[in-house]
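Trainee:
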Amino acid sequence: MRKLSSEDSKKIKATAAHYHWSCLDFGIGKKRYVSKPYYYNVFIQSGKDIENHNSKYGHQKYLKLQICYKNCK
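The sequence shown: position 4 = 689 (my numbering), numbered continuously.
#1: Below 7 Å between beta carbons: does that hold for Asp710 and His738?
#2: Quick check on Lys741: does DSSP put it in helix, strand or coil?
#3: Between which two residues does the beta strand (DSSP E) harbouring Ser690 extend?
#4: According to DSSP, Cys708 sits in a beta bridge with which residue or residues?
#5: Assuming contact is defined by CB atoms lying nearer than 7 Å, are Lys749 and Ser707 in contact in what I supplied?
#6: Look up Tyr723 in the DSSP assignment and give the residues it is bridged to.
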């Protein structure tokens, strides 16, 4: 058995748990948007994507980050 580095240990997917951010703006002709799955560095990577979406559309009150246990590949 070998010792894992800190970076390698963060990449291990022990469960199917991961995160998605979603935009729930249900205005006229609009649909719910669900992001790609985030397995590690969740708050750094998803935070950047959420901020980009918010600055582009101004949907801060419609955004949320949620955990998911499905197989979303």
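Cβ coordinates follow ideal geometry from the N, Cα and C atoms, glycine included.
Mentor: Let's see:
#1: Cβ atoms of Asp710 and His738: not closer than 7 Å.
#2: Judged by DSSP in its simplified three-state form, Lys741 adopts helix.
#3: Neither: Ser690 is in no beta strand (DSSP E) and is coded neither H nor E.
#4: The bridge partners DSSP lists for Cys708 are Tyr718 and Leu748.
#5: Taking 7 Å as the Cβ cut-off, Lys749 and Ser707 qualify as a contacting pair.
#6: Beta-bridge partners assigned by DSSP to Tyr723: Tyr704.
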